[in-house]
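A.B. asks: Just dropping this structure here.
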Amino acid sequence: MLMFDCPYCGVTADETELTAGGEAHLKRFGPGASDADFEGYLFMRANPKGVHFERWRHANGCGKWFLAARCTVTMEVFGTYAAQSTEPPKALRDKISEKRPGWTWRDFS
Ligand SMILES: [Zn+2]
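See below:
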């Protein structure tokens, strides 16, 4: 079972208390963007075998959205952080790199 620490209320919640919100850190495109960029924003999602950054909502708790780093192979949760973050905190990236040497995802490593 997946267990996440909500960064807002501090509760350690299992996946039954949460709602998955898909990939985190999407680059948004709106009016004026090319059709290809907008199509990619709407439909294209990463599906890595390994570390993935995801959006989760503490639906049966405080109700707030947060972001999490999770391994899609082992289901290990590396950490959670505020939904307003534009990129994963350095401490979290360092923790992932320590456990998964050579790990990279987008521009993060
Ligand atoms: Zn919460």
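Read in UniProt numbering, the sequence shown has 11 at position 11, and its numbers run on one by one without any break.
Glycine included, every Cβ here is placed at the ideal spot set by N, Cα and C.
Helix, strand or coil for MET63? Go by DSSP, reduced to three states.
C.D. replies: It should be noted that the sequence gives Gly, not Met, for residue 63. In the structure shown, GLY63 sits in coil (DSSP, three-state: anything other than H, G, I, E or B).
A.B. asks: Does any heavy atom of ligand 1 sit closer than 7 Å to the C-beta of TYR81?
C.D. replies: No, ligand 1 has no heavy atom inside 7 Å of this Cβ.
A.B. asks: Where do the N-terminal and C-terminal ends of the alpha helix (DSSP H) with GLU98 fall, by residue?
C.D. replies: Where GLU98 is concerned, the enclosing alpha helix (DSSP H) stretches over 90–99.
A.B. asks: For GLU54, which of PHE66, MET44 and LYS99 has the nearest alpha-carbon?
C.D. replies: Nearest option by C-alpha distance: PHE66.
A.B. asks: In this structure, does DSSP put THR104 in helix, strand or coil?
C.D. replies: In this structure, THR104 counts as coil in the three-state DSSP scheme.
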